[in-house]
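First the structure, in the form of structure tokens, and then the observations on it.
Protein chains: 2
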Amino acid sequence: MSKNDIKDNLDIILDDSSNLSLNQIRRLLSKMTAPEIAHALESSPPKQRTLLFSLLKTEEEGDVLFELGEEIQQDLVSNISNEELIEAVKELELDEIVDILQNLPEERMDKILSNMSLVDRKRIEIGLTYPDNTAGGLLNTDVISVRPSNSIKEVITYLRDQGDLPENTDKIFVVNQENEYLGELSISKIITSKPIMLVREIMETEFLPIDVDLNDKEVATLFERNDLISSSVVDADGKLIGRITIDDVVDVIREDADQNLLGMAGVAEDTFAPPGRAARSRVFWLSLNLATAFIAASAINLFQDVIDKIVYLAVLMPIVASMGGVAATQTLTIVLRGLTLEQINTSNIRWLFKRELAVSILNGIVLSILVGFITYAWFQDTIIAILISCALIINLMSSVVAGILVPLILRKLKQDPAIGGSVIVTTVTDVVGFISFLGLATIYLI
Amino acid sequence: MSKNDIKDNLDIILDDSSNLSLNQIRRLLSKMTAPEIAHALESSPPKQRTLLFSLLKTEEEGDVLFELGEEIQQDLVSNISNEELIEAVKELELDEIVDILQNLPEERMDKILSNMSLVDRKRIEIGLTYPDNTAGGLLNTDVISVRPSNSIKEVITYLRDQGDLPENTDKIFVVNQENEYLGELSISKIITSKPIMLVREIMETEFLPIDVDLNDKEVATLFERNDLISSSVVDADGKLIGRITIDDVVDVIREDADQNLLGMAGVAEDTFAPPGRAARSRVFWLSLNLATAFIAASAINLFQDVIDKIVYLAVLMPIVASMGGVAATQTLTIVLRGLTLEQINTSNIRWLFKRELAVSILNGIVLSILVGFITYAWFQDTIIAILISCALIINLMSSVVAGILVPLILRKLKQDPAIGGSVIVTTVTDVVGFISFLGLATIYLI
Chain A
2 MSKNDIKDNL
12 DIILDDSSNL
22 SLNQIRRLLS
32 KMTAPEIAHA
42 LESSPPKQRT
52 LLFSLLKTEE
62 EGDVLFELGE
72 EIQQDLVSNI
82 SNEELIEAVK
92 ELELDEIVDI
102 LQNLPEERMD
112 KILSNMSLVD
122 RKRIEIGLTY
132 PDNTAGGLLN
142 TDVISVRPSN
152 SIKEVITYLR
162 DQGDLPENTD
172 KIFVVNQENE
182 YLGELSISKI
192 ITSKPIMLVR
202 EIMETEFLPI
212 DVDLNDKEVA
222 TLFERNDLIS
232 SSVVDADGKL
242 IGRITIDDVV
252 DVIREDADQN
262 LLGMAGVAED
272 TFAPPGRAAR
282 SRVFWLSLNL
292 ATAFIAASAI
302 NLFQDVIDKI
312 VYLAVLMPIV
322 ASMGGVAATQ
332 TLTIVLRGLT
342 LEQINTSNIR
352 WLFKRELAVS
362 ILNGIVLSIL
372 VGFITYAWFQ
382 DTIIAILISC
392 ALIINLMSSV
402 VAGILVPLIL
412 RKLKQDPAIG
422 GSVIVTTVTD
432 VVGFISFLGL
442 ATIYLI
Chain B
2 MSKNDIKDNL
12 DIILDDSSNL
22 SLNQIRRLLS
32 KMTAPEIAHA
42 LESSPPKQRT
52 LLFSLLKTEE
62 EGDVLFELGE
72 EIQQDLVSNI
82 SNEELIEAVK
92 ELELDEIVDI
102 LQNLPEERMD
112 KILSNMSLVD
122 RKRIEIGLTY
132 PDNTAGGLLN
142 TDVISVRPSN
152 SIKEVITYLR
162 DQGDLPENTD
172 KIFVVNQENE
182 YLGELSISKI
192 ITSKPIMLVR
202 EIMETEFLPI
212 DVDLNDKEVA
222 TLFERNDLIS
232 SSVVDADGKL
242 IGRITIDDVV
252 DVIREDADQN
262 LLGMAGVAED
272 TFAPPGRAAR
282 SRVFWLSLNL
292 ATAFIAASAI
302 NLFQDVIDKI
312 VYLAVLMPIV
322 ASMGGVAATQ
332 TLTIVLRGLT
342 LEQINTSNIR
352 WLFKRELAVS
362 ILNGIVLSIL
372 VGFITYAWFQ
382 DTIIAILISC
392 ALIINLMSSV
402 VAGILVPLIL
412 RKLKQDPAIG
422 GSVIVTTVTD
432 VVGFISFLGL
442 ATIYLI
């Protein structure tokens, strides 16, 4: 089956006008891989999604659940019985089971764990102790480890005895009797080395294992910086407890990017969330903006007299505010990106501030001349044209201060600067924009 | 050396107050990997960056250049001589050399190519024919291929003869005499299979090779959906021409996310770009916003009479506009995300539209009651309180139409919806906000 067929299958399933019988859909689903089915579920409105999921075989459900985003995963899990869930996750790897179970209510979790074998239960309980956003949360326990004194021949025999190696096994790990990590050995090194060589002679000890407590974003950075496919994970005593593979790291990178994008708009929901949930996820942000909009309105309110005298000030004032808002969002975005990529630190922040100020002055001159001319052409009023130009320059400079300081302060306060940032900076530029323009008008026109 | 040491090195280098001698910096740099040095360069203002780069050994420069973002890479390349550049890229893989050379001016490229061996030149020229954003642009030609009639024993001997396998070799490929792709064989399968088995008996033929013309974002999707580490790439005739590895795909994913984030704010520059370049990169967006701000101002201008009579309409009108802008950005973000993840199609867009409308009505009711009460408490004017509530609901509903239609229309017009989208949708909500509020006031108050 070619890739185009797969794409066609997806389109047919997602198109409700195609009127397939349940059996036809079942047949199409059986031709798709778990990630493809997960994508179909994530591209379906809730009702259709529940229907599609119910058509899966129980043994497929586990793999599909693991591939889904957290919100949809939880929805579907909450709709199936404990027995079905146990059956569904039976064949999954430990980190996958933990990923699915960790968000269950405690009571339900206990019931499910009590139905598992003691060995599985113990292993899952250990997995559940690691926070979701750490190396521990990405951990696979399917590691293959050998001793430094083994010969390559012994290693190859051992690997043959295993039958299939775990997925994404590009290397195995070398440990001592206490299971402490000593080094690693790539599969290609094993295959290209002479069978009589000893593990200790060819193992690599340069790259250090990842600490189980390391933040998952830092894990992603390590993988990217070192072009890793897998890495060992050790506990505080240096004992090998598992490995992390690139496929789970790619998910971290995607989710991180997704959250940055959504966070800046104050939404936190999957694309096809039901209306009630979507409304709840967004109302906080809208309410926050309402509060800040009234703050901006209060700034205008101070200048009722001057607006009353020269009504087209009211026509022009949103221009100053809006330009400041866009400039501030640009500065904020650059700072947020720099913070995310860990490029910004105490040694270069001053340079960045000066650069942003220079940018705002450069663009401020160009734009204020433009605004001044358009305003003059429109209202034939030289003084107002000059005032709006000055107010614009003032507001662009304030946008730099807000765009740089707000994310840094939010970070100091342990808040995510991507989430609160844009509403706060645009409030600053709204207020400064209204006050500078109307204030200058009050001074020079009445 | 532990990971913490590496981090310390970076901090020391980046901190100009540490006053290191050039030799000390050189020593620190020599302890760092190419991606770490690239990160240090990307975290440095231009002058410091040029200095750091000049301290690298020529043989390190190639690896570091490849790890850098396009803009910084080009800057640094433009500062070094042709001889140094040829020396620097000598040890790189073909796809890496192509990545660095492809943005050079034609004249310079010709000079550099003419200094290379005929074989290298031919290979690089082939690499340069593939567009940057396709599978061809990610291509490595360091593939290992075997014939279906080979035994595993022969394959292992062949691999041993190679010495080190290319990086990220998790599989080798099976081709016929015409070099047409037939299947693949994972290294772990080779190691765990009996030496007498034939390649044809154990090769996998299920996953299809990637077409050289495939868009790089679709390559990334294929890698993610199938948890791939590497994939074969074929030309239009089905001949194996190379492979793509996960490390390059991770870069595509990161860059894509980065561009989405930056695109929405209309910035396109590296974090420490010099002021002139940063100003140029942003001025287009600011000018576009200036045009749309004047459109919104023209809407207000229609209602000078009513503002003249009731001046606090001018105080309140930005609230309606601003709330609509935030709601529209939320809808836009959800649609953009859905489009990026290929979740939105003709079959579910209608559901999405209805959902967004329901969200806007739900939140519209809550927020308009809130706005009404606050307005009444502030100005003691029942009619204005009712009017602003109604205008807010109208504007929130318009935000849904704009937030959904604008990105879809931009995409139809082959524009990137992430880049033009937000300015257009907020213009719509500004105009509708001002007209609905001031229009209702004109009807009911004068």
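The listed protein sequences correspond, in order, to chains A and B.
The first sequence: position 330 = 331 (the working numbering), numbered continuously.
The second sequence: position 242 = 243 (the working numbering), numbered continuously.
Glycine included, C-beta positions come from ideal geometry on N, C-alpha and C.
Please read all numbers here as calculations on a predicted model, not as lab measurements.
Inter-residue CB distance, residue i and residue j (contact presumed, cutoff 8 Å)
| i | j | result |
| --- | --- | --- |
| residue 46 (chain B) | residue 349 (chain A) | 6 Å |
| residue 156 (chain A) | residue 191 (chain A) | 6 Å |
| residue 175 (chain B) | residue 183 (chain B) | 5 Å |
| residue 153 (chain B) | residue 194 (chain B) | 5 Å |
| residue 128 (chain B) | residue 147 (chain B) | With 8 Å as the limit, residue 128 (chain B) and residue 147 (chain B) do not qualify as a contact, their Cβ atoms being about 24 Å apart. |
| residue 443 (chain A) | residue 304 (chain A) | 6 Å |
| residue 42 (chain A) | residue 53 (chain A) | 6 Å |
Neighbourhood of residue i by C-beta distance below 6 Å, restricted to the same chain and skipping five residues each side
| i | result |
| --- | --- |
| residue 250 (chain A) | 221, 224 |
| residue 279 (chain B) | 270 |
| residue 116 (chain A) | 87 |
| residue 407 (chain A) | 422, 425, 426 |
| residue 72 (chain A) | 271 |
| residue 319 (chain B) | none |
| residue 273 (chain A) | 46 |
| residue 260 (chain A) | none |
| residue 39 (chain A) | 65, 68, 69 |
Sequence-distant residues of the same chain with beta carbon closer than 7 Å to residue i, five excluded per side
| i | result |
| --- | --- |
| residue 243 (chain B) | 140, 141, 142, 144, 234 |
| residue 292 (chain B) | none |
| residue 5 (chain B) | The pLDDT assigned to residue 5 (chain B) is 47, lower than 50, so where the model puts this residue is not dependable; a value taken from the coordinates is nonetheless given after this. Excluding positions up to five away in sequence, the list is empty. |
| residue 138 (chain A) | 131, 132, 217 |
| residue 403 (chain A) | 329, 426, 429, 430 |
Nearest residue (CA-CA) to residue i, options the options
| i | options | result |
| --- | --- | --- |
| residue 214 (chain A) | A:132, A:286, A:356 | A:132 |
| residue 328 (chain A) | A:405, A:343, A:188, A:107 | A:405 |
| residue 34 (chain A) | B:379, B:303, B:207 | B:207 |
| residue 398 (chain B) | B:322, B:27, B:200, B:277 | B:322 |
| residue 352 (chain B) | B:57, B:365, B:336, B:447 | B:336 |
| residue 136 (chain A) | A:216, A:334, A:415 | A:216 |
| residue 96 (chain A) | A:43, A:51, A:248, A:85 | A:248 |
| residue 277 (chain A) | B:266, B:305, B:325, B:361 | B:361 |
| residue 83 (chain A) | A:69, A:180, A:70, A:114 | A:114 |
| residue 158 (chain A) | B:159, B:134, B:196, B:124 | B:196 |
| residue 74 (chain A) | A:101, A:56, A:210, A:358 | A:101 |
| residue 238 (chain A) | A:257, A:324, A:180, A:326 | A:180 |
| residue 364 (chain A) | B:226, B:411, B:428, B:281 | B:281 |
| residue 283 (chain A) | B:28, B:332, B:245 | B:332 |
| residue 246 (chain A) | B:150, B:228, B:44 | B:228 |
Own chain residues within Cβ distance below 8 Å of residue i, not counting five before or after
| i | result |
| --- | --- |
| residue 264 (chain B) | 417, 419, 420 |
| residue 432 (chain B) | 296, 297, 300 |
| residue 59 (chain A) | 85, 88, 89 |
| residue 2 (chain A) | Any reading at residue 2 (chain A) must be qualified, since the residue scores a pLDDT of 39, below 50, and its modelled position is unreliable; the value itself is stated next. Excluding positions up to five away in sequence, the list reads 32. |
| residue 307 (chain A) | 314, 439, 442, 443, 446, 447 |
| residue 199 (chain A) | 149, 150, 151, 152, 153 |
Neighbour flag for residue i against chain E, beta carbons, 8 Å
| i | result |
| --- | --- |
| residue 202 (chain B) | Of the protein chains in the structure, A and B, none is chain E. |
Heavy atom of the ligand NAD within 7 Å of residue i beta-carbon
| i | result |
| --- | --- |
| residue 25 (chain A) | This structure lacks the ligand NAD, and indeed carries no ligand of any kind. |
Anything in the stretch 128 to 162 of chain B with a Cβ closer than 7 Å to a Cβ of chain A? List those residues in chain order, please.
157, 160, 161
Report yes or no: do three or more beta-carbon pairs, one from the stretch 295 to 305 of chain B and one from the stretch 376 to 391 of chain B, lie closer than 8 Å?
no
For the stretch 335 to 361 of chain A, enumerate the residues whose C-beta is nearer than 9 Å to any C-beta of chain B, in chain order.
335, 336, 337, 338, 339, 341, 342, 343, 344, 345, 346, 347, 348, 349, 352, 353, 355, 356, 357, 358, 359, 360, 361
Any 3 or more C-beta pairs closer than 8 Å across the stretch 393 to 411 of chain B and the stretch 362 to 376 of chain B:
yes
Count the CB pairs spanning the stretch 104 to 122 of chain A and the stretch 164 to 182 of chain A that are closer than 8 Å, and state whether there are at least three.
no
So, does the stretch 79 to 94 of chain B touch the stretch 62 to 71 of chain B, judging by three or more C-beta pairs under 8 Å?
yes
Given 8 Å, three or more beta-carbon pairs between the stretch 334 to 344 of chain B and the stretch 304 to 313 of chain A
no
Name, going along the chain, the residues of the stretch 291 to 319 of chain B whose beta-carbon falls closer than 7 Å to a beta-carbon of chain A.
291, 294, 295, 297, 298, 301, 302, 305, 308, 309, 312, 313, 315, 316, 317, 319
Along the stretch 24 to 38 of chain B, where does the CB come closer than 8 Å to a CB of chain A? Name the residues.
34, 36, 37
Please identify, using Cβ separations under 9 Å, the residues of the stretch 81 to 99 of chain A that lie next to chain B, in order along the chain.
none
Closer than 7 Å between beta carbons: that is the criterion. Which residues of the stretch 391 to 425 of chain B meet it against chain A?
none
Residues of the stretch 239 to 255 of chain A with Cβ closer than 7 Å to any Cβ of chain B, in chain order
247, 248, 251, 254, 255
Identify each residue in the stretch 213 to 234 of chain A for which the Cβ-Cβ distance to at least one residue of chain B is less than 8 Å, and report them in chain order.
223, 224, 225, 226, 227, 228, 230
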